[in-house]
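Enquirer: Handing you this structure, nothing more for now.
Put into structure tokens, the structure is as follows:
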């Protein structure tokens with residue numbers, strides 16, 4: 001797969017994947033990104049033009065997508081509207097990008113017979129009780145709880161249908177919560193880090209008992225490359241690094257790592273339909289494809305992420321005021 005097309009490659013997880021591909025393979029990457037508020041062209045700074053070609057455009061643009069598919073061997077589909085709070089405020093962009101955009105890409109993959117990998121989320125499975133010994137597996141029934149997770153569930157089902165009905169050579173991965181460089185400041189971890197940098201007290205939804213299963217974006221990238229190389233067509237693989245932490249633990253760890261008192265945060269109004277717990281069982285990916293995460297120590301990974309935001313304020317500062325104004329208007 002010498003030529004890859006990466007949709008959403010200027011977004012958080014997509015840009016980390018592009019950096020990972022350039023560092024660990026000889027592939028050329030074409031990035032297709034609409035550069036909405038969550039996409040940042042500067043996330044690809046430092047990558048050679050000989051290795052990475054950037055195309056600004058929308059995945060719902062069928063003519064553009066068709067042209068790009070002509071010149072690649074495989075497509076990794078990261079592009080998505082992905083913020084739960086935004087989906088509660090205005091669901092339509094989630095339908096446009098996550099459903100219509102995925103359909104447009106699948107049709108191009110069918111016409112050109114291209115290998116296709118679809119990036120999804122563990123949020124399609126709903127949530128688990130805090131004391132539930134189970135974790136999500138590839139056989140867990142879908143039970144999405146927000147417009148965002150519902151549209152991601154719908155896009156997963158489209159991929160499965162195009163595999164079965166049209167023979168598209170596709171795989172799916174559902175990943176737990178990512179953290180690392182290049183993540184927009186509206187998201188939980190970078191919002192709290194940048195609040196501390198700015199001298200603002202971090203914000204915690206409700207009691208902060210909601211649990212997320214954290215994975216460093218670089219580990220997500222290595223898992224996707226493994227699936228592209230070894231994954232069986234039509235199969236779904238769950239990606240996780242056994243990183244369960246509740247939100248209160250994460251905020252307090254951020255504060256300690258940044259030299260602040262662990263209780264120097266504010267509780268704010270919880271969001272509607274806030275899932276309680278996510279937990280990934282990635283044993284299929286590990287046993288069948290031999291993948292293992294590199295960032296087994298969440299504290300060390302979080303410390304390196306904090307350092308990245310400290311040294312790259314120019315990357316995130318332009319969006320910070322608008323994000324905080326939006327949350328302030330909602331009492332969050």
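Numbering (UniProt numbering), first residue to last: 1 to 332. Cβ coordinates follow ideal geometry from the N, Cα and C atoms, glycine included.
On the CB-based measure, 16 or more other CB atoms within 10 Å of its CB, does residue 233 come out buried or exposed?
Expert: Residue numbering aside, residue 233 sits at position 233 when the chain shown is read from its first letter. Within 10 angstroms of the beta-carbon of residue 233 lie fewer than 16 other beta-carbons, which makes it exposed.
Enquirer: Mind checking who residue 116 pairs with in its DSSP beta bridge?
Expert: Translated into positions along the chain shown, residue 116 becomes position 116. Paired residues: 75 and 170.
Enquirer: Where residue 193 and residue 82 are concerned, what is the direct C-alpha to C-alpha distance, given to the nearest angstrom?
Expert: Mapped onto the chain shown, residue 193 falls at position 193. Mapped onto the chain shown, residue 82 falls at position 82. The straight-line gap from Cα to Cα measures roughly 20 Å.
Enquirer: To the nearest angstrom, how far is it from the Cα of residue 228 to the Cα of residue 117?
Expert: Locating residue 228 in the chain shown gives position 228, where the first residue counts as 1. Locating residue 117 in the chain shown gives position 117, where the first residue counts as 1. Cα atoms of residue 228 and residue 117: separation of roughly 7 Å, rounded to the nearest angstrom.
Enquirer: Can you list, in chain order, the residues of its chain whose CB lies under 6 Å from that of residue 212, leaving out five sequence neighbours each side?
Expert: Translated into positions along the chain shown, residue 212 becomes position 212. Cβ neighbours of residue 212 beyond the five flanking positions: 177 and 278.
Enquirer: Do you know offhand how far residue 328's Cα is from residue 112's?
Expert: Here residue 328 refers to the residue found at position 328 when the chain shown is read from its first residue. Here residue 112 refers to the residue found at position 112 when the chain shown is read from its first residue. Whole-angstrom Cα-Cα distance: 47 Å.
Enquirer: What's the gap between the Cα of residue 322 and the Cα of residue 219?
Expert: For the purposes of this step, residue 322 is taken as the residue at position 322 of the chain shown. For the purposes of this step, residue 219 is taken as the residue at position 219 of the chain shown. Their Cα atoms are separated by approximately 30 Å.
Enquirer: By Cβ distance, which residues of its chain are closer than 7 Å to residue 146, with the 5 residues on each side in sequence left out?
Expert: Here residue 146 is taken as the residue at index 146 of the chain shown, counted from 1. Once the five neighbours on either side are set aside, the close Cβ partners of residue 146 are 84, 87, 88 and 273.
Enquirer: Grab the span of the beta strand (DSSP E) containing residue 178 for me, first residue to last.
Expert: On the chain shown, residue 178 is found 178 positions in, with the first residue counted as 1. Here the beta strand (DSSP E) through residue 178 covers 177 to 179.
Enquirer: Taking the DSSP output, what are the residues bridged to residue 53?
Expert: Along the chain shown, read from residue 1 onward, the residue named residue 53 stands at position 53. Its beta-bridge partners are 30.
Enquirer: Would you mind listing the alpha helix (DSSP H) stretches within the segment 246 to 298 that are 4+ residues and don't spill past its ends, in chain order?
Expert: 247 to 257 and 283 to 289
Enquirer: Give me the Cα-Cα distance between residue 205 and residue 294, rounded to the nearest whole angstrom.
Expert: By 1-based counting over the chain shown, the position of residue 205 is 205. By 1-based counting over the chain shown, the position of residue 294 is 294. Their backbone Cα atoms lie some 30 Å apart in a straight line.
Enquirer: Ignore the nearest five residues each way along the sequence and tell me which others in residue 57's own chain have a CB closer than 7 Å to its CB.
Expert: In the chain shown, the residue the question calls residue 57 occupies position 57. Hits under 7 Å: 32, 34 and 64.
Enquirer: Under 9 Å between the Cβ atoms of residue 52 and residue 22?
Expert: On the chain shown, position 52 is the one that residue 52 refers to. On the chain shown, position 22 is the one that residue 22 refers to. Less than 9 Å divides the Cβ of residue 52 from the Cβ of residue 22.
Enquirer: Determine the direct distance from the alpha carbon of residue 275 to that of residue 78, and round the result to whole angstroms.
Expert: Taking the chain shown and counting its residues from 1, one reaches residue 78 at position 78. Taking the chain shown and counting its residues from 1, one reaches residue 275 at position 275. The straight-line gap from Cα to Cα measures roughly 22 Å.
Enquirer: What does DSSP give as the partner residue(s) for residue 136 in the beta ladder?
Expert: Within the chain shown, the letter at position 136 stands for residue 136. Note: residue 136 sits in a beta bridge opposite 280.
Enquirer: How close, in whole Å, do the beta carbons of residue 8 and residue 60 come, if the pair is a contact with beta carbons under 8 Å?
Expert: Numbered from its first residue, the chain shown carries residue 8 at position 8. Numbered from its first residue, the chain shown carries residue 60 at position 60. That pair is no contact at about 13 Å.
Enquirer: Quick one: is residue 37 buried, meaning 16 or more other Cβ sit within 10 Å of its Cβ, or exposed?
Expert: Residue numbering aside, residue 37 sits at position 37 when the chain shown is read from its first letter. Within 10 angstroms of the beta-carbon of residue 37 lie fewer than 16 other beta-carbons, which makes it exposed.
Enquirer: At a cut-off of 8 Å, is residue 88 close to the ligand GTP when judged by its beta-carbon and the heavy atoms of the ligand?
Expert: Absence of the ligand GTP from the depicted structure is noted, as is the absence of any ligand whatsoever, leaving it without description.
Enquirer: For residue 109 versus residue 168, is the C-beta distance shorter than 9 Å?
Expert: Residue 109 sits at position 109 when you count from the first residue of the chain shown. Residue 168 sits at position 168 when you count from the first residue of the chain shown. Cβ distance < 9 Å, so residue 109 and residue 168 count as in contact.
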